[in-house]
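Novice: Residue numbers (full-length UniProt numbering): 1 to 311.
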């Protein structure tokens, strides 16, 4: 059976033809040389499944001598998920991990009770202009995993399941979708996929997941007769069947994400996520007093605890 099989919306059925619950236009910040669009958390929606933070980096062309230079900083209670369309980032963490991430690969760092990492560029890359375009998200950990030891997983682009049919191409980043499963070990049931539709192609989104979202990357997509341009996060109503179409003359690219609701409320302050406000206060004090582990080879600098957590 084709994995594209799914009931189309029924004309005249309002529930079938209006599956969108919320539309979020990300707020944009200029980080000097490239922009970041933040879709989550938003005043309109705090989470989609386990996803509690969602940023688009670029697209940008980084100039000679400039680029990504994020000093060591801490996390608790979450997993960082880094996925690039273009460019490269160099990851180091307090576990001793050192690895460059390339387009189509996945970095999954689970902070658990605490980890420190930096995101920079290899010195040799600073000598030329280069692109940067990608997504960085955080998924909250279930309560029973919030205080586990930190871990790191990397999966190259060749390890990620890819499949295509009738002009719809899918690269599965994490979780389960369309009968396929990504190799990364996740903390909860979820899905995250990079999808391209050629002109005239369409693809359903499984109604079995309670919380589902779609982030538009490039081109234009159509859902239930509505057109959506890049850099919008669409959150769908639970249980509704929906079909995503490309009615434009150029390819469209987007990611779909979501999963089951979290096991209770999550608090977020700066780089800390927890089901407990007290645990976040402890993490703030631990970072202020230097109780976190350091990053081997990148321990001279760090980002100090801010007075306020920022946007």
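Idealized CB from N, CA, C, for every residue including glycine.
Count the CB pairs spanning the stretch 99–115 and the stretch 201–214 that are closer than 8 Å, and state whether there are at least three.
Specialist: Counting Cβ pairs under 8 Å, fewer than three are found: no touch.
Novice: Under DSSP, the beta strand (DSSP E) around residue 71 begins and ends at which residues?
Specialist: On the chain shown, residue 71 is found 71 positions in, with the first residue counted as 1. Residue 71 -> beta strand (DSSP E) spans 70–75.
Novice: Around the C-beta of residue 244, are 16 or more other C-beta atoms found within 10 angstroms, so that it is buried, or is it exposed?
Specialist: Residue 244 sits at position 244 when you count from the first residue of the chain shown. It is buried - the Cβ of residue 244 has at least 16 other Cβ atoms within 10 Å.
Novice: Taking the alpha-carbon positions, what's the residue 253 to residue 221 distance?
Specialist: Counting from 1 along the chain shown, the entry for residue 253 is found at position 253. Counting from 1 along the chain shown, the entry for residue 221 is found at position 221. Distance between the alpha carbons of residue 253 and residue 221 is about 8 Å.
Novice: On a CA-only basis, which of 206, 307, 24 and 76 is nearest residue 177? Give me that one, please.
Specialist: Translated into the one-based positions of the chain shown, residue 177 becomes position 177. Comparing Cα-Cα distances from residue 177 to each of 206, 307, 24 and 76, the minimum goes to 206.
Novice: Name the two residues that bound the continuous alpha helix (DSSP H) containing residue 281.
Specialist: In the chain shown, counting from the first residue as 1, residue 281 sits at position 281. Per DSSP, residue 281 belongs to the alpha helix (DSSP H) from 277–288.
Novice: Which value, in whole angstroms, describes the spacing of the CA atoms of residue 128 and residue 38?
Specialist: The residue given as residue 128 occupies position 128 in the chain shown. The residue given as residue 38 occupies position 38 in the chain shown. Cα-Cα distance, rounded: 28 Å.
Novice: Which value, in whole angstroms, describes the spacing of the CA atoms of residue 9 and residue 224?
Specialist: Start at 1 with the first residue of the chain shown, and residue 9 comes out as number 9. Start at 1 with the first residue of the chain shown, and residue 224 comes out as number 224. Because the pLDDT of residue 9 is 48, which lies under 50, any placement of that residue in the model is unreliable, and the number read from its coordinates should be weighed accordingly. For residue 9 and residue 224, the distance between alpha carbons rounds to 7 Å.
Novice: How many angstroms separate the CA atom of residue 105 from the CA atom of residue 217?
Specialist: On the chain shown, position 105 is the one that residue 105 refers to. On the chain shown, position 217 is the one that residue 217 refers to. The alpha-carbon atoms of residue 105 and residue 217 are separated by roughly 17 Å.
Novice: Closest by CA to residue 142, which one among 284, 103, 287 and 276?
Specialist: Here residue 142 refers to the residue found at position 142 when the chain shown is read from its first residue. Residue 142 has its Cα closest to that of 276, out of 284, 103, 287 and 276.
Novice: Beta carbon of residue 209, beta carbon of residue 49: below 9 Å?
Specialist: As a working mapping, residue 209 is identified with position 209 in the chain shown. As a working mapping, residue 49 is identified with position 49 in the chain shown. In contact: residue 209 and residue 49 (Cβ atoms closer than 9 Å).
Novice: Could you check if residue 68 is buried or exposed, using at least 16 other CB atoms within 10 Å of its CB as the buried criterion?
Specialist: Taking the chain shown and counting its residues from 1, one reaches residue 68 at position 68. Result: buried.
Novice: Measure the CB-CB distance between residue 83 and residue 134 and report whether it falls below 9 Å.
Specialist: As a working mapping, residue 83 is identified with position 83 in the chain shown. As a working mapping, residue 134 is identified with position 134 in the chain shown. Contact: yes.
Novice: Tell me whether residue 92 sits in a helix, a strand or coil according to DSSP, three-state version.
Specialist: Within the chain shown, the letter at position 92 stands for residue 92. Note: residue 92 maps to strand in three-state DSSP.
Novice: Taking 8 Å as the cut-off, does the stretch 140–158 touch the stretch 224–240 (at least 3 CB pairs, one atom from each stretch)?
Specialist: Too few Cβ pairs lie closer than 8 Å, so no.
Novice: Would you check if the distance between the CB atom of residue 175 and the CB atom of residue 239 is smaller than 9 Å?
Specialist: Taking the chain shown and counting its residues from 1, one reaches residue 175 at position 175. Taking the chain shown and counting its residues from 1, one reaches residue 239 at position 239. Not closer than 9 Å, so no.
Novice: According to DSSP, simplified to helix, strand and coil, what is residue 153?
Specialist: For the purposes of this step, residue 153 is taken as the residue at position 153 of the chain shown. Residue 153 falls in the strand class under three-state DSSP.
Novice: Considering only residues of the same chain and omitting the five flanking positions on each side of residue 242, which have a CB-CB separation below 8 Å?
Specialist: As a working note, residue 242 is residue 242 in the chain shown. 9, 19, 204, 205, 207, 223, 224 and 236, listed in sequence order.
Novice: Taking 7 Å as the limit between beta carbons, can you name the residues of its chain near residue 305, skipping five residues before and five after?
Specialist: The residue labelled residue 305 in the question sits at position 305 within the chain shown. Excluding residues within five positions, the ones whose Cβ falls inside 7 Å are 284, 287 and 288.
Novice: Is it buried or exposed, residue 226, if we count other Cβ atoms within 10 angstroms and call 16 or more buried?
Specialist: For the purposes of this step, residue 226 is taken as the residue at position 226 of the chain shown. It is exposed - the Cβ of residue 226 has fewer than 16 other Cβ atoms within 10 Å.
Novice: Taking just the CA atoms, how far does residue 158 sit from residue 99?
Specialist: The residue labelled residue 99 in the question sits at position 99 within the chain shown. The residue labelled residue 158 in the question sits at position 158 within the chain shown. Using only the alpha carbons, I get a separation of about 16 Å.
Novice: Quick one: does residue 268 have its CB under 9 Å from some CB of chain D?
Specialist: Absent from the structure is chain D; it holds one protein chain and no more.
Novice: Taking the alpha-carbon of residue 131 as reference, which of 170, 86 and 181 has the nearest alpha-carbon?
Specialist: Here residue 131 refers to the residue found at position 131 of the chain shown. Considering only alpha carbons, the answer is 86.
Novice: Would a C-beta distance cut-off of 9 Å place residue 212 and residue 47 closer than the cut-off?
Specialist: Position 212 of the chain shown, counting from 1, holds the residue named residue 212. Position 47 of the chain shown, counting from 1, holds the residue named residue 47. Cβ distance not < 9 Å, so residue 212 and residue 47 don't count as in contact.
Novice: Taking just the CA atoms, how far does residue 308 sit from residue 268?
Specialist: To locate residue 268, count along the chain shown from 1; it is residue 268. To locate residue 308, count along the chain shown from 1; it is residue 308. Whole-angstrom Cα-Cα distance: 12 Å.
Novice: Ordered along the chain, which non-local residues of its own chain (more than five positions away) have a Cβ less than 7 Å from that of residue 249?
Specialist: As a position in the chain shown, residue 249 is number 249, starting the count at 1. Closer than 7 Å at Cβ, skipping near neighbours: 199.
Novice: Going straight from the alpha carbon of residue 292 to that of residue 115, what length do you get?
Specialist: Sequence index remark: in the chain shown, residue 292 carries index 292 (1-based). Sequence index remark: in the chain shown, residue 115 carries index 115 (1-based). When rounded, the distance between both Cα atoms is 7 Å.
Novice: Can you tell me whether residue 255 is buried or exposed? The criterion is at least 16 other CB atoms within 10 Å of its CB, across all chains shown.
Specialist: Translated into positions along the chain shown, residue 255 becomes position 255. When all chains shown are included, residue 255 counts as buried.
Novice: Going by other Cβ atoms of all chains shown within 10 Å of its Cβ, with 16 needed for buried, is residue 118 buried or exposed?
Specialist: Position 118 of the chain shown, counted from the first residue, corresponds to residue 118. So residue 118 counts as buried.
Novice: If the criterion is Cβ atoms closer than 9 Å, does the pair residue 77 and residue 140 meet it?
Specialist: In the chain shown, counting from the first residue as 1, residue 77 sits at position 77. In the chain shown, counting from the first residue as 1, residue 140 sits at position 140. Yes, the pair counts as a contact, with Cβ atoms nearer than the cut-off.
Novice: Measure the alpha-carbon distance for residue 319 versus residue 120 and round it to whole angstroms.
Specialist: Lying outside 1 to 311, the shown extent of the chain, residue 319 is not represented and no answer is given.
Novice: Taking residue 53 as the reference, give the member of 75, 123, 34 and 60 with the closest Cα.
Specialist: Against the chain shown, residue 53 aligns to sequence position 53. Residue 75 is the option with its Cα nearest to residue 53.
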